[in-house]
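A.B. asks: These protein sequence lines are chains Z and U, in that order.
With the first letter of the first sequence counted as 1, position 6 gets the number 48 in this note's numbering; the numbers rise by one all the way through.
With the first letter of the second sequence counted as 1, position 22 gets the number 194 in this note's numbering; the numbers rise by one all the way through.
There's a structure below that I have some questions on.
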Amino acid sequence: NAGVTQTPKFRVLKTGQSMTLLCAQDMNHEYMYWYRQDPGMGLRLIHYSVGEGTTAKGEVPDGYNVSRLKKQNFLLGLESAAPSQTSVYFCASSSTGDPGRYEQYFGPGTRLTVT
Amino acid sequence: GNSVTQMEGPVTLSEEAFLTINCTYTATGYPSLFWYVQYPGEGLQLLLKATKADDKGSNKGFEATYRKETTSFHLEKGSVQVSDSAVYFCALRNNQGGKLIFGQGTELSVKP
Chain Z
43 NAGVTQTPKF RVLKTGQSMT LLCAQDMNHE YMYWYRQDPG MGLRLIHYSV GEGTTAKGEV
103 PDGYNVSRLK KQNFLLGLES AAPSQTSVYF CASSSTGDPG RYEQYFGPGT RLTVT
Chain U
173 GNSVTQMEGP VTLSEEAFLT INCTYTATGY PSLFWYVQYP GEGLQLLLKA TKADDKGSNK
233 GFEATYRKET TSFHLEKGSV QVSDSAVYFC ALRNNQGGKL IFGQGTELSV KP
């Protein structure tokens, strides 16, 4: 059982380049999330999805786009990378279900550097 | 709005010392509370959780009690090990189906 996987693990971009980060989960979860982690700021939610074909903005959505064409995949795109987007990106997924059983499962992260 | 505040790190302890990492929250209604742990180079893993007031979550020797009167969910462990060195995140979720709100994380370093 792979859980949540992310591709790639590391990437270096030049300012203005574009890229897509792929997240895949094999737990049949409805909800998926993209976070960024920066020193001293915890995790901040970029975008999320409550089901196939749906996306919604989180706390820091500017400069990013997402798509959820298949239930198991959640893509995060950077159309024109900026140095401020240098960060570690985490994908997570969760089921719906009752609060007592709620848990987000995280991928291993993608370390992105924009020069 | 909802928010979580954790004590600042890094926290450095000797092996077998007692650990407390403070977490307080602001939320409407009755949120669920979580502690996540991030080991070096890895993603976050759920450590423990509590879904209602006075609940105690526990796992791997760690525990935290949901205190509604003080809006706190402090993480404790009686005797830390070097392998507990990690970053610990407190988080809350509004039970009306809201998203997780994370604190800024507290880095723990345990020396032999």
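From the three backbone atoms N, C-alpha and C, an ideal C-beta is built for every residue, glycine too.
Owing to the predicted nature of the structure, the values given are computational and were not obtained by experimental measurement.
Below 8 Å on the Cβ atoms is my guess for residue 282 of chain U versus residue 254 of chain U; work out the distance and round it to an integer in Å.
C.D. replies: Right, the Cβ-Cβ distance comes to about 5 Å (below 8 Å), so this counts as a contact.
A.B. asks: Below 7 Å on C-beta distance, what does residue 215 of chain U contact in chain Z?
C.D. replies: Residues of chain Z passing the Cβ test: 132, 148, 149, 150, 151.
A.B. asks: Just grab the DSSP bridge partners of residue 228 of chain U for me.
C.D. replies: Answer is U/237.
A.B. asks: For the pair the segment 56-66 of chain Z and the segment 120-128 of chain Z, tell me if three or more CB-CB distances fall below 8 Å.
C.D. replies: As far as the Cβ criterion goes, the segment 56-66 of chain Z touches the segment 120-128 of chain Z, which means the pair count is three or higher.
A.B. asks: Taking the alpha carbon of residue 242 of chain U as the reference point, which residue from U/280, U/193, U/225, U/263 has its own alpha carbon closest?
C.D. replies: Looking at the Cα atoms, U/225 is the closest of the given residues.
A.B. asks: Among U/260, U/251, U/238, U/249, which one has its Cα closest to the Cα of residue 198 of chain U?
C.D. replies: With distances taken between Cα atoms, residue 198 of chain U lies closest to U/238.
A.B. asks: So residue 76 of chain Z packs on residue 120 of chain Z, CB below 8 Å; how close in whole Å?
C.D. replies: Wrong, their Cβ atoms sit about 11 Å apart, outside the cutoff.
A.B. asks: So, does the CB of residue 45 of chain Z fall closer than 7 Å to a CB anywhere in chain U?
C.D. replies: It does not; no Cβ of chain U falls within 7 Å.
A.B. asks: Take residue 220 of chain U as the anchor and find which of U/233, U/211, U/266 has the nearest alpha-carbon.
C.D. replies: With distances taken between Cα atoms, residue 220 of chain U lies closest to U/233.
A.B. asks: Comparing the C-beta of residue 274 of chain U with each C-beta of chain Z, is any distance below 7 Å?
C.D. replies: Chain Z, which has a Cβ nearer than 7 Å to the Cβ of residue 274 of chain U, makes this yes.
A.B. asks: Counting only beta-carbon atoms, is residue 201 of chain U nearer than 7 Å to chain Z?
C.D. replies: So no, residue 201 of chain U is outside the interface.
A.B. asks: If you reduce the DSSP assignment to three classes, tell me which class residue 114 of chain Z lands in.
C.D. replies: Coil at residue 114 of chain Z, not helix or strand.
A.B. asks: Please confirm whether residue 84 of chain Z has its beta-carbon closer than 7 Å to some beta-carbon of chain U.
C.D. replies: Yes - at least one Cβ of chain U is within 7 Å of the one on residue 84 of chain Z.
A.B. asks: Could you work out which residue in U/240, U/236, U/207, U/179 is closest to residue 194 of chain U when comparing CA atoms only?
C.D. replies: Of U/240, U/236, U/207, U/179, the residue nearest in Cα terms is U/179.
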